[in-house]
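Peer 1: I am attaching a structure below and will ask some questions about it afterwards.
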Amino acid sequence: MLAVSVTSNAAQIIDTQTNTVVRTLRTGRAPHEGFISPDGETTWVAIRSENFVEIFNTDTGSSYYRAYHSH
Numbered sequence: 011m012l013a014v015s016v017t018s019n020a021a022q023i024i025d026t027q028t029n030t031v032v033r034t035l036r037t038g039r040a041p042h043e044g045f046i047s048p049d050g051e052t053t054w055v056a057i058r059s060e061n062f063v064e065i066f067n068t069d070t071g072s073s074y075y076r077a078y079h080s081h
């Protein structure tokens with residue numbers, strides 16, 4: 011499960027079997043929504059205030075790509 015926090019600029023991956031946070035992902039400003047890919051390898055988080063989607067390696071927590079959106 012993924013929980014996104016606008017105030018802390020982070021997303022947390024939660025193990026639903028143990029109800030514990032297994033990884034905290036530091037995101038851009040004001041993360042809005044996110045999801046974990048079906049294979050569990052990547053986590054995608056929409057960063058509303060900066061107009062991009064940030065893609066993380068779920069296992070390491072490292073950000074490796076930002077897909078920017080322009081108006």
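Here the sequence shown stands for residues 11 to 81, where the numbers follow the working numbering. The beta-carbon is built from N, C-alpha and C at its ideal position, and this holds for glycine as well.
For chain C, find out if any of its Cβ atoms is closer than 8 Å to the Cβ of glycine 38; answer yes or no.
Peer 2: As a matter of chain content, chain C is missing from the structure shown, which is built from one protein chain.
Peer 1: Are proline 41 and alanine 13 close, meaning C-beta to C-beta below 8 Å?
Peer 2: Here residue 41 corresponds to residue number 31 of the sequence shown, with the count starting at 1. Here residue 13 corresponds to residue number 3 of the sequence shown, with the count starting at 1. No, they are not a contact pair.
Peer 1: Would you mind stating whether phenylalanine 84 and serine 73 have Cβ atoms separated by less than 8 Å?
Peer 2: Because the chain is modelled from 11 through 81, residue 84 falls outside the range shown and cannot be assessed.
Peer 1: Is the Cβ-Cβ distance between isoleucine 23 and threonine 68 less than 8 Å?
Peer 2: Numbered from its first residue, the sequence shown carries residue 23 at position 13. Numbered from its first residue, the sequence shown carries residue 68 at position 58. Contact flag set, yes.
Peer 1: DSSP three-state label for glutamate 43, please.
Peer 2: To locate residue 43, count along the sequence shown from 1; it is residue 33. In this structure, glutamate 43 counts as strand in the three-state DSSP scheme.
Peer 1: Using CA coordinates, which residue listed in Glu64, Met11 and Glu51 is at the minimum distance from threonine 30?
Peer 2: The residue labelled residue 30 in the question sits at position 20 within the sequence shown. Checked all of Glu64, Met11 and Glu51; the closest Cα to threonine 30 is Met11.
Peer 1: Would you mind reading off the limits of the beta strand (DSSP E) that contains serine 72?
Peer 2: Position 62 of the sequence shown, counted from the first residue, corresponds to residue 72. Run containing serine 72: none; DSSP gives neither H nor E here.
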